[in-house]
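Undergrad: In the numbering used here, the protein residues as written are 19 to 691.
The beta-carbon is built from N, C-alpha and C at its ideal position, and this holds for glycine as well.
Next up is a structure, given as C-alpha cells.
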Amino acid sequence: MERVKNRVQEEMQRLRREIERHDHLYYILDQPEISDTEYDTLFRKLQRLEADYPELCTPDSPTQRVGAPLTGRFALATIIHSLPMLSLSNAFNEAEIRAFDRRVQQEVKESEITYVVEPKLDGLSVELIYRDGRFVQGATRGDGINGEDVTANLRTIKSIPLHLHKLHGKIPPLVAVRGEVYIDRADFDRINQQRQREGLSLFANPRNFAAGSLRQLDPNVTAMRRLKIFCYDIGNSEGITVETQHDLLISLSHLGLRVNRLYRICRGIDAVISFYQQLENERDDLPYETDGVVIKVDNFSYRRVLGTVSRSPRWAIAAKFTAKEGITSVKDIRVRVGRTGVLTPIAILEPVRIRGVEISHATLHNEDEVRRKDIRIGDSVVVQRAGDVIPKIIRPLINLRGSTERFFIMPTQCPHCNAAITRIAGEAAHRCTNISCPARIKESISHFVSKSGLDIVGFGFHLVDQLVEKGIVKRVSDIFHLTQHQLSGLERMGEKSATKLITAIEESKRVPFVRFLFAMGIPFVGEHTAATIADYFRDLKHFLMATDEELRQVPGIGPRTAAGIIAYLKQPANKQVIDELLAAGVIITERERLLEELAGKRFVFTGTLQSMTRAEATAKVNDVGGRVASSVSTDTDYIVVGKNPGAKYQQAINLKITLLTEADFIALITENE
Ligand code: IVH
Numbered sequence: 019m020e021r022v023k024n025r026v027q028e029e030m031q032r033l034r035r036e037i038e039r040h041d042h043l044y045y046i047l048d049q050p051e052i053s054d055t056e057y058d059t060l061f062r063k064l065q066r067l068e069a070d071y072p073e074l075c076t077p078d079s080p081t082q083r084v085g086a087p088l089t090g091r092f093a094l095a096t097i098i099h100s101l102p103m104l105s106l107s108n109a110f111n112e113a114e115i116r117a118f119d120r121r122v123q124q125e126v127k128e129s130e131i132t133y134v135v136e137p138k139l140d141g142l143s144v145e146l147i148y149r150d151g152r153f154v155q156g157a158t159r160g161d162g163i164n165g166e167d168v169t170a171n172l173r174t175i176k177s178i179p180l181h182l183h184k185l186h187g188k189i190p191p192l193v194a195v196r197g198e199v200y201i202d203r204a205d206f207d208r209i210n211q212q213r214q215r216e217g218l219s220l221f222a223n224p225r226n227f228a229a230g231s232l233r234q235l236d237p238n239v240t241a242m243r244r245l246k247i248f249c250y251d252i253g254n255s256e257g258i259t260v261e262t263q264h265d266l267l268i269s270l271s272h273l274g275l276r277v278n279r280l281y282r283i284c285r286g287i288d289a290v291i292s293f294y295q296q297l298e299n300e301r302d303d304l305p306y307e308t309d310g311v312v313i314k315v316d317n318f319s320y321r322r323v324l325g326t327v328s329r330s331p332r333w334a335i336a337a338k339f340t341a342k343e344g345i346t347s348v349k350d351i352r353v354r355v356g357r358t359g360v361l362t363p364i365a366i367l368e369p370v371r372i373r374g375v376e377i378s379h380a381t382l383h384n385e386d387e388v389r390r391k392d393i394r395i396g397d398s399v400v401v402q403r404a405g406d407v408i409p410k411i412i413r414p415l416i417n418l419r420g421s422t423e424r425f426f427i428m429p430t431q432c433p434h435c436n437a438a439i440t441r442i443a444g445e446a447a448h449r450c451t452n453i454s455c456p457a458r459i460k461e462s463i464s465h466f467v468s469k470s471g472l473d474i475v476g477f478g479f480h481l482v483d484q485l486v487e488k489g490i491v492k493r494v495s496d497i498f499h500l501t502q503h504q505l506s507g508l509e510r511m512g513e514k515s516a517t518k519l520i521t522a523i524e525e526s527k528r529v530p531f532v533r534f535l536f537a538m539g540i541p542f543v544g545e546h547t548a549a550t551i552a553d554y555f556r557d558l559k560h561f562l563m564a565t566d567e568e569l570r571q572v573p574g575i576g577p578r579t580a581a582g583i584i585a586y587l588k589q590p591a592n593k594q595v596i597d598e599l600l601a602a603g604v605i606i607t608e609r610e611r612l613l614e615e616l617a618g619k620r621f622v623f624t625g626t627l628q629s630m631t632r633a634e635a636t637a638k639v640n641d642v643g644g645r646v647a648s649s650v651s652t653d654t655d656y657i658v659v660g661k662n663p664g665a666k667y668q669q670a671i672n673l674k675i676t677l678l679t680e681a682d683f684i685a686l687i688t689e690n691e
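In C-alpha cells form, the structure reads like this:
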C-alpha cells in the first residue's frame, strides 16, 4: 500500500512540475508549448489523483489556486512589511525630469547617469514572499508600513508562480518581490459590460478594479477577475545579490517572475526624455493603462548615496503623462437642489471615456462659474480628470459652435416644487425658498439618517426618494411611523430588508445628543461644532434655551454660526420637528451619561481610515465623550494610525503615545459605546 502511495506521490509531483512549467511558458513568457487541450488533460489528471488521495494534496498545488473562502473572517489581517514599501515623488513635465537628473548628478558627482525607465502601471502594488522558493505570503502595499494579507487572493493570479526557479543554480532562501497587480483594458471593459447587462454597479477604473478584486474576502471572486502582475523591485531578501536595476529585472525573470519587457536602459537624461515621450505617444496602444514612467537610477551604490526622504527614494521619480483630457458635448445643464436649498448647476455630458473611466456629469458650482467659463448647452467641451478628482469642464470649444447652442439660465422657479428662487445679495448661490421643497426634504432626510447622523443602516437615497415621492414621508419624524407593509411595497425592498430596516429605525431612536445636533442640519453646524455645543450645553433642553450671547461664549463658535443657530431655533417649524421626533419616541441621551472610560480622552488621527471618514471617526469619539485634537502633544492619549500616516505618527512614537490601528480604534470605541 505504502509503495502505491509513494508512486502516486511521485506522479503528482511530476504533474505539478509539468503544469507549473507550462504556466510559466503561458502566463509569464507568453510562449506556450502545448495546446490548451493538452494542458487541460494534464490538469485533470492531477485533479483526479488528488481527489483519490486527498491526503497527498498540498496547498501549493496548481489545482489549489482557488482555495476555500476565508470563512469566519470579516476583515483581512494586517501584516507589517519587513522593509517599508516606498512611494515615489512625481515629475509632471520635462523640466521637472531634468531637475531630478541634476539633483542626482550633484549628489553622486557624476555627469552622466544611467537610468532604467519602466512604464508606470495603474494598478495596485503588492509584495510577494517566497521562502525556500515557495510562495508563502502576499500583501498589499497599504500605507507602505502596514499592508493587508491577501495571500489567498494572490494565489489565484496565474502569473504569480507558486514556486520560484533557481537563480545561479540555487533557490534563494528568502525573496520578497514587489510588483504591480493590474488588469488589461480589454478585460476591464468586458467585465464592466457584463456587469452592466446584469444591472450591477460598474468599476470606475482599472486601478479600483484591481484593488477591489484583491481585497475580496472570497478568493473565488478574485480568481474570476483576470488579474496579472509585473514585478519590478525587491524588499528584504536573502540570496539575491544584484547591484543594478537592470540585473535585478533579469534575476527576477530568471526566478520565473513576470517582468514587463517594455523597460529601457537610458544613458543620460536625454535618452530618458525621448523614451518618456515615445511611451506617452504609444500608451493607448498598450493593452493596459499607464499613467507615466518610473525613472530609476540603475546603479545601487548610487542609490545608497542618494537615500530616502519622507518615504520616497531620491533615486527614482514617477514622470506622469499629461492630464487626462477628453472632448465631449454638453447635453443639458440641470440644477440640483441641496439640503439648504442651494441650487448647483450640473452639466449632463455625452458619456466620454477618459483613460478608462466613463464620465457623464460635471459640476459647474454656480451660475457665475457657468458665465465665466461661457459654457452653453450643446457646446463641445474639454473635460479633464485629474487623478480621482471629480471631472471638470475646462473650456468650451468655441470654434465648433453652430447656431443651436443655448445659454444656461438659472431657473426662477424651483424645478422640484415651483417655489421662487432667490439669490441672496453678495452670495454666489441661488436658493429655493420653500423649506418643504421635496428635493430639500430628500436631502435633509438623507442627512438625518446618514452615518454621522442617526446612522440608520439601509436607508439609502433611492429609498428616501421613493418615500418622499409617494408622500409617505414628508418630514423626518415620519420615518419613525413607517410600517413593514409600507416598506415592503417599495422597489428593491423585500420582506427581509424591510424587517431589517424597521429594526434599524427602532434602534436609532436612542441617539447621543451630539449626533442629534448634527442630524438636524442646522446651518454651519457640522460634526465638530456639534461636539462643541454638546460639551457646552450637555442636553437638548439647555440648548433650546440658548441665546445669541451665550452661544458666542462657546469656544470655537463665531458670530456667523451663532446667528445661524438662533435663526434656526426661532423658526416654529424647526421647533415643531423636534417636538414630533420626541413624540415619536426618540430619546436623546445626554452628554454626561456617556462620559465613562473614554471621557475626556484625547484622540489624534493621522493618515486615511478605510472603513469610515475622518468625520465619522470624530463622531464616534464624540459619542463616547472623547475629544479629537488636530496635533500630537504630551496630553494626547491615543493616536489612530490610518493609511499613509503623516509626521504626527513619528511625533507620537517619540512621545510614546498609545498607537491604535483602525481595527484597534473600532474595538476600543465599540467596547465603550
Ligand atoms: S517602483 C521605491 N516601478 O507606483 C520604488 N513602481 O508611486 C517603488 N508603480 O507604489 C516603486 N509601476 O504602485 C515602481 N515600474 C514601477 C511601477 C511602480 C507602477 C506604482 C507602485 C508604487 C507607485 C509609486
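CB-CB under 7 Å to residue 580, same chain, minus the five flanking residues each way: which ones, in chain order?
TA: Around residue 580: 566, 569 and 570.
Undergrad: Exposed or buried, residue 479, counting other C-beta atoms within 10 Å across all chains shown (16 or more means buried)?
TA: Exposed, by the Cβ-count rule.
Undergrad: Three-state secondary structure (DSSP) at residue 351?
TA: Looking at residue 351 - three-state DSSP - the assignment turns out to be strand.
Undergrad: What would DSSP say about residue 613, mapped onto helix, strand or coil?
TA: Confidence at residue 613 is low in this model, with a pLDDT of 43, below 50, so its placement is unreliable and no value can be given for it.
Undergrad: Using a Cβ-based criterion (distance less than 6 Å to any ligand heavy atom), does residue 145 qualify as near ligand 1?
TA: No; taking the cut-off as 6 Å, the Cβ of residue 145 has no heavy atom of ligand 1 nearer than that.
Undergrad: State the CB to CB distance for the pair residue 622 and residue 666, rounded to an integer number of angstroms; the pair is presumed to be in contact (CB under 8 Å).
TA: With 8 Å as the limit, residue 622 and residue 666 qualify as a contact, their Cβ atoms being about 6 Å apart.
Undergrad: Do you know offhand how far residue 320's Cα is from residue 176's?
TA: Whole-angstrom Cα-Cα distance: 35 Å.
Undergrad: Could you tell me which of 509, 151, 182 and 74 sits nearest to residue 42, measuring between CA atoms?
TA: Taking only the C-alpha atoms, the option nearest residue 42 is 182.
Undergrad: Residue 338: beta carbon under 6 Å from a heavy atom of ligand 1?
TA: Not under cutoff, so the answer is no.
Undergrad: By how many angstroms is the C-alpha of residue 434 removed from the C-alpha of residue 456?
TA: Each residue's Cα considered, the two are about 7 Å apart.
Undergrad: Just tell me which of 486, 450 and 447 has its CA closest to the CA of residue 746.
TA: Here the chain comprises residues numbered 19 to 691, so residue 746 is not present and cannot be evaluated.
Undergrad: Count the other CB atoms, across all protein chains shown, that sit within 10 Å of the CB of residue 131; report buried if there are 16 or more and exposed otherwise.
TA: By the neighbour-count rule (16 or more Cβ atoms within 10 Å), residue 131 is buried.
Undergrad: Taking the beta strand (DSSP E) that residue 198 falls in, what are its first and last residues?
TA: Looking at the DSSP string, the run of the beta strand (DSSP E) that includes residue 198 is 192-200.
Undergrad: With a threshold of 16 other CB atoms inside 10 Å of the CB of residue 173, please say whether the residue is buried or exposed.
TA: With 16 or more other Cβ atoms within 10 Å, it is buried.
Undergrad: Among 644, 555 and 520, which has the Cα closest to the Cα of residue 535?
TA: When only C-alpha atoms are compared, the closest one is 555.
Undergrad: Can you give the Cα-Cα distance for residue 352 and residue 559, rounded to whole angstroms?
TA: Whole-angstrom Cα-Cα distance: 42 Å.
Undergrad: How close, in whole Å, do the beta carbons of residue 314 and residue 133 come, if the pair is a contact with beta carbons under 8 Å?
TA: Indeed, because the Cβ distance is near 6 Å, the residues count as touching under 8 Å.
Undergrad: Please state the DSSP three-state secondary structure of residue 502.
TA: If DSSP states are grouped into helix, strand and coil, residue 502 belongs with the helices.
Undergrad: Can you tell me whether DSSP reads residue 234 as helix, strand or coil?
TA: In the structure shown, residue 234 sits in coil (DSSP, three-state: anything other than H, G, I, E or B).
Undergrad: Rounding to the nearest angstrom, what Cα-Cα distance links residue 245 and residue 459 in this structure?
TA: One C-alpha to the other measures close to 44 Å.
Undergrad: Please report the distance separating the alpha-carbon of residue 445 from that of residue 387.
TA: When rounded, the distance between both Cα atoms is 13 Å.
Undergrad: When the distance is taken between beta carbons, is residue 223 closer than 7 Å to residue 375?
TA: Yes, these two residues count as a Cβ contact at 7 Å.
Undergrad: In chain order, what are the residue ranges of uninterrupted alpha helix (DSSP H) at least 4 long that sit wholly in the region 149-176?
TA: With a minimum length of 4 residues, the continuous alpha helix (DSSP H) runs that stay inside the region 149-176 are 169-172.
Undergrad: Going straight from the alpha carbon of residue 124 to that of residue 294, what length do you get?
TA: Rounded to the nearest angstrom, the two C-alpha atoms are 23 Å apart.
Undergrad: Looking only at C-alpha atoms, which of 377, 336 and 247 sits nearest to residue 111?
TA: Taking only the C-alpha atoms, the option nearest residue 111 is 336.
Undergrad: Tell me which same chain residues have a C-beta within less than 8 Å of the C-beta of residue 253, skipping the five on either side of it?
TA: The answer, listed in chain order, is 99, 100, 101, 103, 145, 194, 195 and 196.
Undergrad: For residue 89, collect the residues of the same chain with a Cβ closer than 8 Å to its Cβ; drop the 5 residues on either side in sequence, then sort them by chain order.
TA: Low confidence applies here, because residue 89 scores a pLDDT of 35, under 50, leaving its location unreliable; read the following figure in that light. Within the same chain, residue 89 has no close Cβ partners at all.
Undergrad: Using the Cα positions of residue 92 and residue 127, report the straight-line distance between them to the nearest angstrom.
TA: Reliability fails at residue 92, whose pLDDT of 42 lies under 50, so the model's placement of it is uncertain and no value is given.
Undergrad: Where does residue 425 land, buried or exposed, given buried means 16+ other C-beta within 10 angstroms?
TA: Flag for residue 425 reads exposed.
Undergrad: Only counting runs of 3 or more residues, tell me where the beta strand (DSSP E) segments fall wholly within the region 560-612, in order along the chain.
TA: Whole beta strand (DSSP E) segments, 3+ residues: 605-607.
Undergrad: Could you tell me whether the region 530-546 touches the region 572-586, using the rule of 3 or more Cβ pairs below 8 Å?
TA: Yes, since at least three Cβ pairs between the region 530-546 and the region 572-586 fall closer than 8 Å, the two stretches touch.
Undergrad: What is the rounded straight-line gap between the Cα of residue 28 and the Cα of residue 74?
TA: If you take the alpha carbons of residue 28 and residue 74, they lie about 10 Å apart.
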